[in-house]
Amino acid sequence: MAQIKDISESLKRIWTVGLRVIRQIKRDRRTIVAMVVNPIILMVILGYSLAATLSGINLGIVDLQGGLVQESVLAHLRASDAFSITYIASESEARRLISEGRINGAVVLEDGEIRLILDGTSPQVASAITAATAAGMQSAASQLLSNLRAGDQLPAVTTYYVYGYDLEAKDTVGAALLGIAIFFFNFLNTAIAFLRERTQGTLEKVLVTPMNRLELVSGYVLGFGLVSLAQAAITCVLLIAIFKVPLQGSLLAVLIIVVLLSAGSLSFGAFLANFVSSEYQVMQLNPVVSFPQILLSGAWFPLQSVPDWLRPLSYIFPLTYSTDALKQVLLRGASLTDILFPDVFALLLFFMVTFFMATFMLKKEIA
Amino acid sequence: MPMGASHWQMPEKDEYAVIGRGITKSFESLHVLKGMSVNIPRGVTYCLLGPNGSGKTTLMRMIMGLVKKDSGEIYVLDEPLDRISRVYSRLGYMPQQRPLYPDLTVEENLEFYAGLYGIRGHKMAEKIAEVLQVVDLSQTRDRITGMLSGGMYQRISLACTLINSPDLLLLDEPTVGIDPVTKQSFWGYFRNLAAEGKTVIITTHIMEEAERCDMVGFMRDGRMLAESSPDELKKFAGLKKQLKMKVEDPEQKMALLVKEGLEVRRDGDMLFVDIAEASRIREVLDRMKPTDFDVVEPTLENAFLKLSV
Ligand SMILES: Nc1ncnc2c1ncn2[C@@H]1O[C@H](COP(=O)(O)OP(=O)(O)OP(=O)(O)O)[C@@H](O)[C@H]1O
Ligand SMILES: [Mg+2]
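What follows is the structure, given as structure tokens:
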């Protein structure tokens, strides 16, 4: 009985901190505007200016015996560094592998026709495959001219998107951007909030109350988590209403990803706040935290474009998992169970590790 | 042996709000506390005095478990320091920096601290009204805290410290920047708290304030030099009443007094004579026949100056 009372008192204290955090954000008009507007500006500016050199694209080849042109295309694809080629027996098998994410696209070489089966959610990968195929046909065409036989004709090229539509870059980036906006909103604001708690003396005072460190960090998770939920909801509505991004998946799954990501990123911010002594230093730290993640998490550039030796970094960044999870849910209609592993699991792990570190480091406050 | 050790007997734990023995603390090579002892009885106003950097804030924070001690023993409200969190609900701390959230309203700040102590609902409303009354700022309730004047900010900070009706208050320079009228009422309030059995520990550099405390603890060189009432501290510092006289022929009269073993200082035709026993004052006056005179009581400031060097 006493324990239940303790727990309920503890929850109330957590709520006290959460409420305070929400009140502070509520009063900060500029932050509220930035929360809503930033993802959209980023989407417009960056969504249209994507370019990358890709490598390690898993390309399936379904070789159903074509003519000279088909051979030339195949030779071209094989010669390119960008692709690692797998031979696949049938087109339906290729489609299945793409939908499972095992290969990024497939080229079906058939008499009289070349079919490109592409993944609509990765425009850069899709256009790389299209471009390489076109180049192969180009070089075959010049040979054909000098060597023309009766009945020879260029095969028709048809393109199929496995997800049924050709997504524009901004659509896929849009999904990733939600994650990026959530991450940086939470990371920056908590880092600065904890720094202020320290410099304005409130942390000291708060630590001399019945509230413990765990409750303090939990309160932040609660407050910022709720605000992030609102941010996510607004961004989603804008994505659908203004940018006409096709929304496929369950909203619940999106919200769970958002809550996990915001909890992890704000704990990370609270942890880092222990190593800085001014807001200026937080700003200096920001690019170091943000650029690698944006570039390497698959948010802007597909993971395939990340050089091999940097790939391990991609796999420790939370944004890698949130980006994948949000793309899967928003664009492919994946359910929560589809993204449970590795995405949800990785986000949960990131949160638990940073939460522990943030709580532990608060202790060091006491010299 | 610090003065007062004989006076206060061997301390009984439960008569004291804070007891400390042999406390040491270093920040790297800087030895701030070197065998500090402290005895703060319950139900008193107790002033920690000492030059800047003598470790008053450090000692205060240590009493609350915010600074780890290197060695020594401390009991706070009967709990040893490693179980200090048990008495957190009974402490009220006002740090030297004023711990408020400037972007919240005064009421929101008070609600936040009340919530941390589990004070809610109409009990919270009552308590907030009460502490705002104490600092006489009920009208600022809905104002953004960061927009308040420096002294008001300070007063709201004190209000937040009082929100849980603490048994032990630790106030680090609470009256800096406070106007004289409000200061007066603060001190009245602190005395009332002590009369109700609460313990108020204060640091200040204003000697008139220290003089109003039941006890002062004088810290120097990492030790507690003396712990006693302000009057006893003056005696401890060897301070005497001073007879200030305007005389004719000061040179000769000074020589006369010095010969009798009195401590005399001359400034123009003024003589300043330290006199231990009040009874001698009349005798000296009769003989010196000053044109004008005054008896100056020693101040705590004199004691501070004397003890600080
Ligand atoms: N966390 C810390 N790290 C390093 N040195 C510290 C720390 N805290 C205090 N000190 C040093 O300990 C000494 C005592 O500081 P403290 O703040 O306790 O003095 P104080 O008596 O309160 O002074 P003041 O009258 O100026 O408020 C100072 O030299 C200070 O620089
Ligand atoms: Mg101090």
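In the order they appear, the protein sequences are chains C and R. Count along the first sequence from 1, then add 60; that gives the number in this note's numbering. Count along the second sequence from 1, then add 3; that gives the number in this note's numbering. Glycine included, every Cβ here is placed at the ideal spot set by N, Cα and C. Keep in mind it's a predicted model, so treat the numbers as computed, not measured.
With DSSP run on the structure shown, which of helix, strand or coil describes residue i?
i: R/Y116; result: helix
i: C/N164; result: coil
i: R/S32; result: coil
i: C/V413; result: helix
i: C/T15; result: Because chain C spans 61 through 427 in this model, residue 15 of chain C falls outside it and cannot be assessed.
i: C/T269; result: coil
i: C/A192; result: helix
i: R/K247; result: strand
i: R/M39; result: strand
i: C/S159; result: helix
i: R/E263; result: coil
i: C/I148; result: coil
i: R/E82; result: strand
i: C/L321; result: helix
i: C/F143; result: strand
i: R/V298; result: strand
i: R/D150; result: The sequence shown places Met at residue 150 of chain R, not Asp. R/M150: helix per DSSP, three-state reduction.
i: C/G329; result: helix
i: R/L144; result: A quick correction: the sequence has Arg, not Leu, at residue 144 of chain R. R/R144: coil per DSSP, three-state reduction.
i: C/D384; result: helix
i: C/L396; result: coil
i: C/V122; result: strand
i: C/A336; result: First, the amino acid is wrong: residue 336 of chain C is Val here, not Ala. Coil at C/V336, not helix or strand.
i: R/E199; result: coil
i: C/I74; result: helix
i: C/I117; result: strand
According to DSSP, what are the bridge partners of residue i?
i: R/C50; result: R/I205 and R/V219
i: R/P169; result: Beta-bridge pairing links R/P169 to no other residue.
i: R/R283; result: Looking at the DSSP assignment, R/R283 forms no beta bridge with any residue, so it has no partner.
i: R/E129; result: Beta-bridge pairing links R/E129 to no other residue.
i: R/S231; result: R/V219
i: R/S74; result: R/T27
i: R/P44; result: R/Y19
i: R/Y96; result: R/L173
i: R/T108; result: R/I147
So is residue i in contact with chain R if we call contact Cβ pairs under 8 Å?
i: C/V287; result: no
i: C/V268; result: yes
i: C/V413; result: no
i: C/T262; result: yes
i: C/M271; result: yes
i: C/K387; result: no
Give a yes or no on whether the minimum CB-CB distance between residue i and chain C is below 8 Å.
i: R/P54; result: no
i: R/P177; result: no
i: R/M150; result: no
i: R/P102; result: yes
i: R/L69; result: yes
i: R/S32; result: no
i: R/Y156; result: no
i: R/S92; result: yes
i: R/Y78; result: no
i: R/P314; result: In the structure as shown, chain R begins at 4 and stops at 312. Residue 314 of chain R is therefore absent and cannot be evaluated.
Is it the case that the region 317-336 of chain C contacts the region 232-248 of chain C, given that we only count it when at least three CB pairs across the two stretches are under 8 Å? A contact is defined here as three or more CB-CB pairs under 8 Å, and the region 232-248 of chain C meets this definition with respect to the region 317-336 of chain C.
Stretch-stretch touch, CB-based, cutoff 8 Å, three pairs: the region 40-56 of chain R with the region 18-25 of chain R: Of all C-beta pairs linking the region 40-56 of chain R to the region 18-25 of chain R, three or more are shorter than 8 Å, placing the two stretches in contact.
Can you give me, in chain order, the residues of the region 104-118 of chain R that have a beta carbon less than 7 Å from any beta carbon in chain C? Residues of the region 104-118 of chain R that bring their beta carbon within less than 7 Å of a beta carbon in chain C comprise Y104, D106, L107, E111, F115 and G118, in sequence order.
Kindly confirm or deny that the region 212-220 of chain R and the region 243-251 of chain R touch, where touching means at least three C-beta pairs closer than 8 Å. Touching, no, given that fewer than three Cβ pairs across the two stretches are closer than 8 Å.
Residues in the region 117-131 of chain R with C-beta within 9 Å of chain C's C-beta atoms, listed in sequence order? Near chain C, meaning a CB-to-CB distance below 9 Å, the residues of the region 117-131 of chain R are A117, G118, L119, Y120, G121 and R123.
Using a Cβ cut-off of 9 Å, which residues of the region 63-88 of chain C contact any Cβ in chain R, in chain order? For the region 63-88 of chain C, which is checked against every Cβ of chain R, the residues closer than 9 Å are E69, K72, R73, W75, T76, V77, L79, R80, R83, Q84, R87 and D88.
For the region 243-257 of chain R, enumerate the residues whose C-beta is nearer than 9 Å to any C-beta of chain C, in chain order. Within the region 243-257 of chain R, no residue has a Cβ that lies closer than 9 Å to any Cβ of chain C.
Is it true that the region 262-269 of chain R meets the region 60-76 of chain R, where meeting means three or more beta-carbon pairs spaced less than 8 Å apart? Two segments are said to touch when three or more pairs of C-beta atoms, one from each, lie closer than 8 Å; by this definition the region 262-269 of chain R does not touch the region 60-76 of chain R.
Counting Cβ pairs, one atom from each stretch, are 3 or more of them under 8 Å apart for the region 148-160 of chain R and the region 103-115 of chain R? With three or more CB-CB distances shorter than 8 Å, the region 148-160 of chain R counts as touching the region 103-115 of chain R.
The region 126-134 of chain C touching the region 168-182 of chain C, judged by at least three CB pairs closer than 8 Å: At 8 Å Cβ cutoff, the stretches touch.
Evaluate contact between the region 47-62 of chain R and the region 26-39 of chain R, counting only Cβ atoms and requiring at least three cross-stretch pairs below 8 Å. Two segments are said to touch when three or more pairs of C-beta atoms, one from each, lie closer than 8 Å; by this definition the region 47-62 of chain R touches the region 26-39 of chain R.
Assess, as a yes-or-no matter, whether the region 386-405 of chain C is touched by the region 339-353 of chain C under the definition of 3 or more beta carbon pairs within less than 8 Å. Taking one beta carbon from each stretch, the region 339-353 of chain C and the region 386-405 of chain C have fewer than 3 pairs nearer than 8 Å; the two do not touch.
Can at least three beta-carbon pairs, one atom from the region 130-148 of chain C and one from the region 75-87 of chain C, be found at a separation below 8 Å? No contact exists between the region 130-148 of chain C and the region 75-87 of chain C.
Evaluate the contact criterion for the region 283-301 of chain C versus the region 313-322 of chain C: three or more CB pairs, one atom per stretch, below 8 Å. The answer is yes - the region 313-322 of chain C touches the region 283-301 of chain C, with three or more Cβ pairs under 8 Å.
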